[in-house]
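K.L.:
Numbering-wise, the sequence shown is residues 4 to 275 according to our numbering. The beta-carbon is built from N, C-alpha and C at its ideal position, and this holds for glycine as well. Got a structure for you, written out below as structure tokens; questions coming shortly.
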Amino acid sequence: MEIKPIKKLKLYGFNNLTKTLSFNMYDICYAKTEEDRKNYIKYIDEQYNAERLTKILTDVAHIIGANILNIAQQDYEPQGASVTMLISEGQVVPPDMSVKNESPGPLPEAVVAHLDKSHITVHTYPESHPDDGISTFRADIDVSTCGHISPLKALNYLIHSFDSDIMTIDYRVRGFTRDIHGKKLFIDHKINSIQNYISPDTRNRYQMIDVNVYQENTFHTKMLLREFDLNNYLFGIEKKELLPREKQKIIQKLKKEMAEIFYGRNMPSMKK
Numbered sequence: 004m005e006i007k008p009i010k011k012l013k014l015y016g017f018n019n020l021t022k023t024l025s026f027n028m029y030d031i032c033y034a035k036t037e038e039d040r041k042n043y044i045k046y047i048d049e050q051y052n053a054e055r056l057t058k059i060l061t062d063v064a065h066i067i068g069a070n071i072l073n074i075a076q077q078d079y080e081p082q083g084a085s086v087t088m089l090i091s092e093g094q095v096v097p098p099d100m101s102v103k104n105e106s107p108g109p110l111p112e113a114v115v116a117h118l119d120k121s122h123i124t125v126h127t128y129p130e131s132h133p134d135d136g137i138s139t140f141r142a143d144i145d146v147s148t149c150g151h152i153s154p155l156k157a158l159n160y161l162i163h164s165f166d167s168d169i170m171t172i173d174y175r176v177r178g179f180t181r182d183i184h185g186k187k188l189f190i191d192h193k194i195n196s197i198q199n200y201i202s203p204d205t206r207n208r209y210q211m212i213d214v215n216v217y218q219e220n221t222f223h224t225k226m227l228l229r230e231f232d233l234n235n236y237l238f239g240i241e242k243k244e245l246l247p248r249e250k251q252k253i254i255q256k257l258k259k260e261m262a263e264i265f266y267g268r269n270m271p272s273m274k275k
């Protein structure tokens, strides 16, 4: 869905509304042995290392039309990675160094690289449970922009980049800007649900729930993959190698883990 600005919006000065998209994804699997769990963590660390995450965030910056100012990336021991990217709405113009004569120099508030205070970050959290074989990978991504550019433009790209079992998405517009008459504007575009910006094929694949606070310009959508194929959740083993009773127990564990993450609360064990 196209991001529709409010018609005839004329601003006084700089648009300093802050628009933040927080995207949390979860990948769940069952790894039967301790060695399988270690291999799963190793696999995730290789698939989502700092280099690949930097590529994803660079693509996000290009999609939303931002200029990259600085990148910091780190792979952690024993696991996990982080990338932080400082961005701006427009091209940063370097100071004019051709002036040689002495002068008082610019005032402190004029010595800034950009006015946007925008950034993109990602942090990964691979983990596993030592007793029941469940392993979960979580990635947290924040795209925070200030000005006309919108992080919503990168939403579908992020969803397809991770192709997750569960996603929670938050979008909030903070602060205010002013029109030419001095009236405060707390949002500069129309929105009633994050779901409107998700492609139809993705909406069909996921069960989705909204929790929106319209008067606060705060929007929240939770997504749970509809299709459940056990083979897609096993690591180091295949479904055909499992006995029927063992298979049923693993399915119960996986669905319990997914339900707890989706609803944000601990739940009793599922029975047959």
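Measure the beta-carbon distance from ILE201 to PHE222 and round it to whole angstroms, keeping in mind my assumption that it falls under 8 Å.
P.N.:
Translated into positions along the sequence shown, residue 201 becomes position 198. Translated into positions along the sequence shown, residue 222 becomes position 219. Rounded, the Cβ-Cβ distance is 12 Å, inconsistent with contact.
K.L.:
Output the boundary residues of the alpha helix (DSSP H) element that contains LEU158.
P.N.:
To locate residue 158, count along the sequence shown from 1; it is residue 155. Per DSSP, the continuous alpha helix (DSSP H) segment holding LEU158 begins and ends at 158-165.
K.L.:
Pop quiz: ALA34 and SER138 are said to be a contact at Cβ under 8 Å. What is the actual Cβ separation, rounded to whole angstroms?
P.N.:
As a working mapping, residue 34 is identified with position 31 in the sequence shown. As a working mapping, residue 138 is identified with position 135 in the sequence shown. Right, their Cβ atoms sit about 5 Å apart.
K.L.:
Taking its Cβ as the centre, do 16 or more other Cβ atoms sit within 10 Å of LEU110, making it buried, or is it exposed?
P.N.:
Numbered from 1 along the sequence shown, position 107 holds the residue referred to as residue 110. Low local confidence applies: a pLDDT of 41 at LEU110 is under 50, so the model's placement there is unreliable, and no value is given.
K.L.:
Measuring straight from C-alpha to C-alpha, what distance separates THR87 and GLN50?
P.N.:
The residue you call residue 87 lines up with position 84 of the sequence shown. The residue you call residue 50 lines up with position 47 of the sequence shown. Spanning the two alpha carbons is a distance of roughly 18 Å.
K.L.:
Measuring alpha carbon to alpha carbon, tell me which residue in SER167, GLN198, TYR217 and PHE238 is nearest PHE189.
P.N.:
In the sequence shown, residue 189 corresponds to position 186, counting from 1. The shortest Cα separation from PHE189 among SER167, GLN198, TYR217 and PHE238 belongs to TYR217.
K.L.:
If you drop the 5 nearest sequence neighbours on each side, which residues of the same chain put their C-beta closer than 6 Å to that of THR148?
P.N.:
The residue you call residue 148 lines up with position 145 of the sequence shown. Around THR148: LYS22, SER121 and PRO154.
K.L.:
Taking LYS156 as the reference, give the member of HIS184, HIS132 and ILE197 with the closest Cα.
P.N.:
In the sequence shown, counting from the first residue as 1, residue 156 sits at position 153. When each option's Cα is compared against that of LYS156, the closest is ILE197.
K.L.:
Which residue's Cα is closest to the Cα of ASN27: ILE90, THR171 and ILE74?
P.N.:
Here residue 27 corresponds to residue number 24 of the sequence shown, with the count starting at 1. Nearest C-alpha to ASN27: THR171.
K.L.:
Assuming LYS256 and MET270 are in contact, meaning their beta carbons sit under 8 Å apart, how far apart are those beta carbons, in whole angstroms?
P.N.:
Start at 1 with the first residue of the sequence shown, and residue 256 comes out as number 253. Start at 1 with the first residue of the sequence shown, and residue 270 comes out as number 267. Between MET270 and LYS256 the Cβ distance is about 12 Å, and since that is not below 8 Å, they are no contact.
K.L.:
Grouping DSSP H, G and I as helix and E and B as strand, with all else coil, what is MET28?
P.N.:
Reading the sequence shown from its first residue, position 25 is the one you call residue 28. MET28 falls in the strand class under three-state DSSP.
K.L.:
One question on the structure: do LEU233 and ILE254 come within less than 8 Å of each other, judged by their Cβ atoms?
P.N.:
The residue labelled residue 233 in the question sits at position 230 within the sequence shown. The residue labelled residue 254 in the question sits at position 251 within the sequence shown. The answer is yes: Cβ separation under 8 Å.
K.L.:
Our contact map puts ILE71 next to THR57 with C-beta atoms below 8 Å; I'd like the distance itself, whole angstroms only.
P.N.:
The sequence position of residue 71 within the sequence shown is 68, counting from 1. The sequence position of residue 57 within the sequence shown is 54, counting from 1. That belief does not hold up - the Cβ atoms of ILE71 and THR57 are roughly 10 Å apart, past 8 Å.
K.L.:
Within 10 angstroms of its Cβ, does ILE183 collect 16 or more other Cβ (buried), or is it exposed?
P.N.:
As a first step, residue 183 is located in the sequence shown; it is residue number 180 there, counting from the start. ILE183 comes out exposed.
K.L.:
Among residues of its own chain, excluding the 5 on either side of GLU105, which ones have a beta-carbon nearer than 7 Å to its beta-carbon?
P.N.:
Translated into positions along the sequence shown, residue 105 becomes position 102. Here the model assigns GLU105 a pLDDT of 44, short of 50, so the residue's position is not dependable and the matter cannot be decided.
K.L.:
What does the Cβ neighbour count give for THR180, buried or exposed, with the cut at 16 atoms within 10 Å?
P.N.:
On the sequence shown, residue 180 is found 177 positions in, with the first residue counted as 1. Counting Cβ neighbours within 10 Å, THR180 comes out buried, since at least 16 surround it.
K.L.:
Is the beta carbon of LEU20 less than 8 Å from the beta carbon of ASP191?
P.N.:
For the purposes of this step, residue 20 is taken as residue 17 along the sequence shown, with counting starting at 1. For the purposes of this step, residue 191 is taken as residue 188 along the sequence shown, with counting starting at 1. Taking 8 Å as the Cβ cut-off, LEU20 and ASP191 qualify as a contacting pair.
K.L.:
Can you tell me the Cα-Cα spacing of ASP145 and LYS243, whole angstroms?
P.N.:
Translated into the one-based positions of the sequence shown, residue 145 becomes position 142. Translated into the one-based positions of the sequence shown, residue 243 becomes position 240. Roughly 40 Å separates the two Cα atoms.
K.L.:
How would you write the range of the alpha helix (DSSP H) that ARG248 sits in, first residue to last?
P.N.:
As a first step, residue 248 is located in the sequence shown; it is residue number 245 there, counting from the start. Run containing ARG248: 247-266, per the alpha helix (DSSP H) assignment.
K.L.:
Looking only at C-alpha atoms, which of MET226, ARG55, LEU228 and GLU230 sits nearest to THR127?
P.N.:
Counted from its first residue, the sequence shown places residue 127 at position 124. Nearest option by C-alpha distance: ARG55.
K.L.:
Is the separation between the beta-carbon of PHE165 and that of LYS225 shorter than 8 Å?
P.N.:
Sequence index remark: in the sequence shown, residue 165 carries index 162 (1-based). Sequence index remark: in the sequence shown, residue 225 carries index 222 (1-based). Contact flag unset, no.
K.L.:
Where do the ends of the alpha helix (DSSP H) carrying GLU38 lie?
P.N.:
In the sequence shown, residue 38 corresponds to position 35, counting from 1. Its alpha helix (DSSP H) spans residues 37-50.
K.L.:
For SER3, which residues from the same chain have a beta carbon less than 6 Å from its beta carbon, with the 5 sequence-adjacent residues on both sides left out?
P.N.:
In the structure as shown, the chain starts at 4 and stops at 275, and residue 3 therefore has no counterpart that could be examined.
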